[in-house]
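Per the numbering used here, the very first residue in the sequence shown carries number 185; after that it's consecutive.
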Amino acid sequence: MKKYYYTIGEVSNLLGVKPYIIRYWETEFPGLNAIKSEGRIRKYNEQQVLLLRRIYDLLYNQRYTIEGARKIIKQERTKIQTKTKEKLDDSLSSAKKDSKMKTEITEILQDIKKDLTL
Numbered sequence: 185m186k187k188y189y190y191t192i193g194e195v196s197n198l199l200g201v202k203p204y205i206i207r208y209w210e211t212e213f214p215g216l217n218a219i220k221s222e223g224r225i226r227k228y229n230e231q232q233v234l235l236l237r238r239i240y241d242l243l244y245n246q247r248y249t250i251e252g253a254r255k256i257i258k259q260e261r262t263k264i265q266t267k268t269k270e271k272l273d274d275s276l277s278s279a280k281k282d283s284k285m286k287t288e289i290t291e292i293l294q295d296i297k298k299d300l301t302l
């Protein structure tokens with residue numbers, strides 16, 4: 185069964201860092217905001233855990249500074265947003281072409297129907 189939320193302790197164990205490190209990262213990386221339950225327990229969704237893993241990789245494995253890791257993540261997000269926009273634009277363009285084609289086919293069918301009734 186897939187978990188929807190992970191506690192800071194679970195994420196801490198997963199990454200092999202202390203919880204205070206994760207809390208610090210929350211202050212340094214935009215978009216990394218834990219959901220706090222009524223008992224003020226931090227919970228992270230799967231997307232946030234993936235971001236935390238990426239931050240860990242950049243800081244500990246690739247040896248970026250906090251600022252450098254922040255820039256890399258921002259560049260990656262911009263790249264993803266650009267690709268998503270391009271795909272949406274392509275889909276919209278295709279939908280417009282399909283709609284135009286449908287209109288043309290409908291007009292041709294109406295012309296044929298007129299010719300058949302004469």
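Ideal placement from N, C-alpha and C gives every residue a C-beta, glycine not left out.
The secondary-structure analysis by DSSP pairs residue 226 across a beta bridge with 220.
In terms of CA proximity to residue 240, 256 leads the group 282, 222, 256, 226. Excluding residues up to 5 positions away in sequence, 227 lie with their Cβ nearer than 6 Å to the Cβ of residue 219 in the same chain.
A residue is called buried when at least 16 other Cβ atoms come within 10 angstroms of its Cβ; residue 190 meets this threshold and is buried.
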